[in-house]
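This note's numbering puts the first residue of the sequence shown at 77, with every later residue one more than the last. The block underneath contains the structure these notes are about, expressed in structure tokens.
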Amino acid sequence: MRIHGACHCGNIAFDLDWPEGIPVAQRACGCTFCQKHAATWTANPQAALHVHIVDGSRVSRHRFGTETADFHVCASCGVVPVCTSEIDGHLYAVVNTRTFENHGALTDPVSVDFDGEAEVARLARRTRNWIASVAFVGT
77 MRIHGACHCG NIAFDLDWPE GIPVAQRACG CTFCQKHAAT WTANPQAALH VHIVDGSRVS
137 RHRFGTETAD FHVCASCGVV PVCTSEIDGH LYAVVNTRTF ENHGALTDPV SVDFDGEAEV
197 ARLARRTRNW IASVAFVGT
């Protein structure tokens, strides 16, 4: 199933190829950044993600905490559609379900809290659970 999503102005957009028949599980992260952006995230290691950037100069990256993930923030509208993490030279991602323009069956969001998680455990969790096929198009 193909899911299209984008920030409010369309500068950061994505096409997510989600495995057929699998509900889209949503996680509501407990960190203050995600709470203040009302983001709910999803990923599936069998999914494929193509991120389209119209104007790269209008995209900022925000890092905090362990500084192992980049939140891609649209500098024009302030929406955060994608978060990526480069681990051992490979790019992994999660997408914000609140930026979906069409979707299949979404589960109710489950609250998660990764506060205090060791960096090694965090990176291992991402390599197991995040989208492993990630491509950026544009600047």
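The beta carbon of each residue, even a glycine, is placed where N, CA and C say it ideally should be. The structure displayed is predicted, hence computed values, not measured ones.
Over what stretch of residues does the alpha helix (DSSP H) that includes residue i continue unbroken?
{"i": "residue 78", "result": "Run containing residue 78: none in the alpha helix (DSSP H); it sits in the beta strand (DSSP E), 78-82."}
{"i": "residue 178", "result": "Where residue 178 is concerned, there is no enclosing alpha helix (DSSP H), given that its DSSP letter is neither H nor E."}
{"i": "residue 205", "result": "195-205"}
How about residue i and residue j: do their beta carbons lie closer than 8 Å?
{"i": "residue 94", "j": "residue 159", "result": "no"}
{"i": "residue 175", "j": "residue 188", "result": "no"}
{"i": "residue 119", "j": "residue 172", "result": "no"}
{"i": "residue 148", "j": "residue 130", "result": "no"}
{"i": "residue 91", "j": "residue 78", "result": "yes"}
{"i": "residue 80", "j": "residue 153", "result": "no"}
For residue i, does the count of other Cβ atoms within 10 angstroms reach 16, so buried, or fall short, so exposed?
{"i": "residue 99", "result": "exposed"}
Taking residue i as part of the beta strand (DSSP E), name the residues at either end of that continuous run.
{"i": "residue 162", "result": "158-163"}
{"i": "residue 171", "result": "166-172"}
Return the CA-CA distance between residue i and residue j, expressed in angstroms with no decimal places.
{"i": "residue 115", "j": "residue 194", "result": "23 Å"}
(request) Kindly provide the ranges of any beta strand (DSSP E) runs that are 3 or more residues long and lie completely inside the region 96-131, ordered along the chain. (result) 103-105 and 124-129
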